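Okay, so the sequence shown: first residue is 5 according to our numbering, each after it adds one. Yeah, the Cβ is synthetic: ideal placement off N, Cα and C, and Gly gets one too. Predicted, not measured: the structure shown is a model, and the values here were computed from it. Read through the structure below, which is laid out as structure tokens, and then see the notes.
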Amino acid sequence: MSQNPETENNMKETGLLSHLLELRDRLLRMVIAIAIALLALFPFRNTIYSFLAEPLTKHLPEDSSMIAIDVASSFLAPFKLVLMLSVVAVVPFLMHQIWGFIAPGLYKREKRLAVPLLLSSIALFYIGMAFAYFVVFPLVFGFFTSVAPEGVQIMTDINRYLDFVIKLFLAFGFSFEVPIATFLIIVTGMSTVEKLSKARPYIIVVAFILGMLLTPPDIISQILLAVPIWLLFEIGLQFSRWFAKPPEEETPTAEKHEEYEPIFDIVEEEDTFKPMTDEEMEAEMDRIEAEEDSDK
């Protein structure tokens, strides 16, 4: 019994409304989580900024310091930093809310694949940011301060410094997602391990191009981004070899044999067919003519 079209439309509208309400609730929870983290970190904004600026300040001469060009920079720069840090700190909760919204529409196999990838992507993003702070920043700022001409006093604006390090944080954080991207490309069938292995020289070139575009114009930071991208690509390729197994060849089953039984019967009949002799052919023709005469 088919439902009334008006009833079906009402059911669709009700389902859409429930999804929109759930989306609103989850977005509200995400905003509240960021606000709570911001309130918790705000009293320590200056301490956090000093910690972020340490890779640069420890390489500055004793008579140099960071400056604030604008009147409000001394407040806005630490506030912007704390706001960004609040979002980064609650990324696991944000991903949990997004997962809770999309998970009901996924198949079991997709859920089993998505959960490890989601956790790995979060961990790799944090590792990329940590690599930028503890490895890249000291080398880059040490290089910049060492090549300053004699008589030039380095005095960096706190806002420009913050924009600079945020750009590097994001560049390294997203670049460390390369293993996840490689794995997904292979699992979804967009490419294969063999094809990506053959394209390795091109991928290395792309890694250095990204290093040139996403980092300051110095060879050190470019290499420090390009080499990890290449190595992470190799890691993703290796994981794909282990987990993305090629589909097994189908073995014939009893049901499939049953589907082709008529064909097998025809083949058997053809195998057992024997041509008539001349005597048998004449006898068959006489029999057919006799049947035709009797019908008349």
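With a cutoff of 8 Å on beta-carbon distance, F187 and F129 are scored as not near each other. Fewer than three beta-carbon pairs drawn from the segment 88-96 and the segment 150-163 are found closer than 8 Å, and the two stretches are therefore not classed as touching.
Sorting T196, K202, H100, T18 by C-alpha distance to the C-alpha of R33 places H100 at the top. H100: member of the alpha helix (DSSP H) spanning 95-106, first to last residue. The beta carbons of L25 and V139 sit no closer together than 8 Å. For Q157, no alpha helix (DSSP H) encloses it, and the DSSP letter there is neither H nor E. Note that the segment 42-57 touches the segment 72-86; at least 3 beta-carbon pairs, one per stretch, sit closer than 8 Å. In this structure, the alpha-carbon of L60 lies about 6 Å from that of F145. Residue pairing from DSSP places I71 in a beta bridge opposite D161. Contact between the segment 104-112 and the segment 39-49 is absent, with fewer than three C-beta pairs closer than 8 Å.
Under the three-state reduction of DSSP output, P205 falls in the helix class.
Under a 10 Å Cβ-count criterion, I213 is classified as exposed, with fewer than 16 other Cβ atoms of the shown protein chains found around its own Cβ. DSSP places M194 in the coil class of the three-state scheme, outside both helix and strand. The residue from A287, Q226, V151, L241 with its alpha-carbon nearest to that of P65 is V151.
Restricting attention to V182, T149, A136, G193, the CA atom closest to the CA of L174 is found in A136.
In this structure, the CA atom of F141 is about 15 Å from the CA atom of R164. With distances taken between CA atoms, P120 lies nearest to W103 out of M133, G132, I292, W103. Contact between F105 and L27 holds, with the beta-carbon distance rounding to 6 Å and staying under 8 Å. Buried is the label assigned to S244, since at least 16 other Cβ atoms lie within 10 Å of its Cβ.
Around the beta carbon of G193, fewer than 16 other beta carbons sit within 10 angstroms, so the residue counts as exposed. Here S22 is exposed: its Cβ has fewer than 16 other Cβ atoms, across all protein chains shown, within 10 Å.
CA-to-CA, the gap between E288 and E295 works out to about 11 Å.
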